[in-house]
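This report refers to the structure that appears directly beneath it.
In this note's numbering, the protein residues as written are 2 to 329.
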């Protein structure tokens, strides 16, 4: 399933995206206080998804914000093309990439491409996946596209909550929060997508150790980084919340176990290589490999945890009771 966009329309959207990310108005940058949605601009929720009341969602209506004019205003990639890592000439050493492996295949999805599409509907052998990236939150999540035994195709709703991408599935028209993988509205409200392990690291780290990976090809020769100024600022948009324990855009690895959550600073982990900590009554160790892969294993046990890379403000927005790991 693919969607055709006129070049002028796509260029106009890219310019609008950059404008929203870098030149947003002062009221929207308040950070700690979600800004009410403008009722005149809520036509996506109302007209496309038929939602007019908070009782139809897990969130108050005024915390879901419309970031662009229509559903699929950011076009997902539905027929991805790839090339061998050793032939790629369009990435810089410090470019962020998402990498997944399944059934002997390893595929890489550069953030520089994903920021223009946010979702790639792909398949690795028998596994249909949605590779998702929210450039506002720095979150990259990969999900199994099957819901209740049926394969789905995901698109960008044009809506945000807590600054995070809200996806929708075209078959069921459910609304899914990217950072939690949960349907918060729609016929399958309450369903949670199955996560697929993903590595988020710099291109130089990955291609040196995985030269046979297949890398997503861009659909345009233009690969300007639309969010460089946004990442360099402390600006938080669309209802994201801040907390002074870390800078808003500091990269953390979020961990959950039961009702407890923990954030581990990427800067601290890079410096130390590995760290020990306690979570939910268990002893754990988090470790970063040379290729950028971060793993968490239980000390003296068989348990593992899946770390989730995000900007600090984004992790805090959805996990307000989280602790921050400090070096002992």
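Backbone N, C-alpha and C define an ideal beta-carbon position, used for all residues, glycine too. Being a predicted model, the structure only gives us computed values, none of them experimental.
Cα-Cα separation between residue i and residue j, rounded to whole angstroms
i, j, result
"residue 52", "residue 176", "11 Å"
"residue 195", "residue 209", "30 Å"
"residue 239", "residue 165", "8 Å"
"residue 278", "residue 314", "22 Å"
"residue 104", "residue 213", "14 Å"
"residue 101", "residue 107", "6 Å"
"residue 305", "residue 319", "22 Å"
"residue 58", "residue 321", "20 Å"
"residue 295", "residue 48", "42 Å"
"residue 70", "residue 61", "21 Å"
"residue 68", "residue 287", "36 Å"
"residue 326", "residue 291", "22 Å"
"residue 172", "residue 190", "14 Å"
"residue 170", "residue 249", "30 Å"
"residue 200", "residue 297", "13 Å"
"residue 192", "residue 269", "35 Å"
"residue 312", "residue 237", "10 Å"
"residue 307", "residue 328", "21 Å"
"residue 90", "residue 219", "11 Å"
"residue 54", "residue 44", "13 Å"
"residue 127", "residue 182", "21 Å"
"residue 63", "residue 302", "45 Å"
"residue 293", "residue 167", "27 Å"
"residue 285", "residue 46", "42 Å"
"residue 226", "residue 317", "25 Å"
"residue 233", "residue 256", "25 Å"
"residue 243", "residue 117", "25 Å"
"residue 88", "residue 251", "32 Å"
"residue 211", "residue 141", "20 Å"
"residue 230", "residue 56", "38 Å"
CB of residue i within 8 Å of CB of residue j, strictly
i, j, result
"residue 224", "residue 85", "no"
"residue 144", "residue 197", "yes"
"residue 217", "residue 65", "no"
"residue 99", "residue 112", "yes"
"residue 289", "residue 271", "yes"
"residue 344", "residue 258", "Outside the displayed range of the chain (2 to 329) lies residue 344, so it cannot be described from this structure."
"residue 178", "residue 185", "yes"
"residue 73", "residue 157", "yes"
"residue 273", "residue 283", "no"
"residue 50", "residue 174", "yes"
Supposed contact pair residue j and residue i - C-beta distance, whole angstroms, cut 8 Å
i, j, result
"residue 163", "residue 241", "6 Å"
"residue 324", "residue 254", "Not confirmed; about 13 Å, so no contact."
"residue 221", "residue 247", "About 35 Å; that fails the 8 Å criterion."
"residue 134", "residue 115", "4 Å"
"residue 152", "residue 188", "Going by Cβ atoms, the distance from residue 152 to residue 188 rounds to 16 Å, so no, they are not a contact pair."
"residue 136", "residue 228", "5 Å"
Start and end residues, alpha helix (DSSP H) containing residue i
i, result
"residue 268", "267 to 273"
"residue 205", "204 to 210"
"residue 318", "313 to 319"
Residue-chain proximity (residue i, chain C), Cβ-Cβ < 8 Å
i, result
"residue 136", "Of the protein chains in the structure, only one exists, and it is not chain C."
Where the beta strand (DSSP E) containing residue i begins and where it ends
i, result
"residue 114", "Here residue 114 belongs to no beta strand (DSSP E); instead the alpha helix (DSSP H) covers 112 to 115."
"residue 232", "That residue, residue 232, is in no beta strand (DSSP E); its alpha helix (DSSP H) goes 229 to 233."
"residue 134", "128 to 135"
"residue 156", "155 to 162"
"residue 125", "120 to 125"
"residue 226", "Segment: none, residue 226 is in no beta strand (DSSP E) and carries neither H nor E."
"residue 298", "295 to 299"
"residue 167", "165 to 170"
"residue 286", "283 to 289"
"residue 254", "252 to 258"
"residue 142", "140 to 145"
"residue 326", "It is not in any beta strand (DSSP E) - residue 326 carries neither H nor E in the DSSP assignment."
"residue 67", "65 to 67"
"residue 83", "83 to 85"
"residue 101", "97 to 103"
"residue 183", "183 to 186"
Exercise. Are the region 65 to 85 and the region 119 to 129 touching, with three or more C-beta to C-beta distances below 8 Å?
Worked result: They touch, by the three-pair rule.
For this session: Could you say if the region 258 to 274 and the region 145 to 153 meet the contact criterion of at least three C-beta pairs nearer than 8 Å?
Result: Contact between the region 258 to 274 and the region 145 to 153 is absent: fewer than three C-beta pairs spanning the two stretches fall below 8 Å.
Exercise. For the region 199 to 207 against the region 94 to 103, are there 3 or more C-beta pairs whose distance is under 8 Å?
Worked result: yes
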